[in-house]
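2 protein chains.
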Amino acid sequence: MNISDVAERSGVPPKTIRYYEEIGFIKPDRRPNGYRDFDETDLHKLAFIGRARSLGFTIEDCRTLLELYNDKTRASADVKRVARHNLQEIDAKIADLQTMRATLSHLIDQCAGDDRPDCPILDNLEQAPIRR
Amino acid sequence: MNISDVAERSGVPPKTIRYYEEIGFIKPDRRPNGYRDFDETDLHKLAFIGRARSLGFTIEDCRTLLELYNDKTRASADVKRVARHNLQEIDAKIADLQTMRATLSHLIDQCAGDDRPDCPILDNLEQAPIRR
DNA sequence: CCTTGACCTTCCAGTTGCTGGAACCCTTAT
DNA sequence: ATAAGGGTTCCAGCAACTGGAAGGTCAAGG
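Laid out in structure tokens, this is it:
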């Protein structure tokens, strides 16, 4: 299979596939003309990584998951642990954004939004940043 | 004021302050020995940018906000517009993360998390990625 | 006067996860 | 023969810093 076929079928763009080869996720064969030749296993792996990425797993998470995926004797508990960790990170990001949202939304409500120059948003931004 | 003083008082690390100078946010004086010499205005601007960043404004947003901040005749409506746009982006990110969270959380619930190798999480990851 | 340590400086590289573009080769159809 | 549409490599760049190396400066202590 050529790269554009596997891109279409896996949903991962060619550029990204080359990148995933570069970082060692897949090792497709090469034809005599230098073209990459993908098999069904490559296809599965790419779809797997693509889906994991779209669920917010980092590249390093994917590396771990891919090992577990390749190891047919792994315990589901190991996978669950990685997934739980990812879920925690997602929750932390959501909480962070919701805090931001509350503050900003409050500021927007306070601002008249007219032609006058006085603006509570700018006034508030003069405070020290929120440390994290 | 030296860089570490202004870093402490503004809450923005020295490295980041140098970076902000590089991209033109501030233009502190220089002493004969080459050290940067910050005044109160620099301090205010740095705190302003730091706080805006912590509220999810991008660097480009900050550039716009800084102009509005410097322009004492600006209309508060202009500031409000930038802030509203930022709020929309934050909402979009939250929605995205919540979708991820729901899918992942569902998968985790489905997974026994024991010593056996069968795992609904891995099975599901084999599906095509979520396109966006 | 010398040393020590805490500052400060610049510059280069790395982070994350790709993405765009240039320059070039290969294949297939007309 | 040629043109379109594959494929290849390599280099650069995005955001927004952050770390580290190599070196200059300053104030205090022995």
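Here the protein sequences come in this chain order: E and U.
Residue numbers for the first sequence follow the working numbering, so the first one is 1 and each next one is one higher.
Residue numbers for the second sequence follow the working numbering, so the first one is 133 and each next one is one higher.
Where a beta carbon is used, it is the ideal one built from N, C-alpha and C, also for glycine.
Per the C-alpha coordinates, the member of M133/U, E199/U, R233/U and R213/U positioned closest to D171/U is M133/U. Here the alpha carbons of T16/E and D29/E stand approximately 17 Å from one another. The CB of T16/E never comes closer than 8 Å to any CB in chain U; the least such distance is about 10 Å. Listed along chain E, the residues sitting closer than 9 Å to S208/U by beta-carbon distance are C111, A112, G113, D114, D115, R116, P117, D118, C119, P120, I121 and L122. Below 8 Å, enough C-beta pairs join the segment 62-78 of chain E and the segment 245-262 of chain U to call them touching: three or more. Distances from the CA of T235/U to each of R31/E, I26/E, R51/E and R101/E were compared; the closest alpha carbon is that of R51/E.
Here the alpha carbon of P120/E sits roughly 48 Å from the alpha carbon of V79/E. The straight-line gap separating the alpha-carbon atoms of Y167/U and F48/E is approximately 52 Å.
Taking a beta-carbon distance threshold of 9 Å, V6/E does not count as an interface residue toward chain U.
Taking 9 Å as the threshold, the shortest C-beta distance from F38/E to chain U does not fall below it. When the alpha-carbon of Y69/E is set against those of P145/U, N256/U and E140/U, the nearest one is in N256/U. Taking C-alpha positions only, Y19/E is separated from T99/E by approximately 35 Å. Judged by beta-carbon spacing, L229/U lies within the 9 Å limit of I90/E, meaning their Cβ atoms are closer than that value.
As computed with DSSP, D29/E is found in a beta bridge with D37/E.
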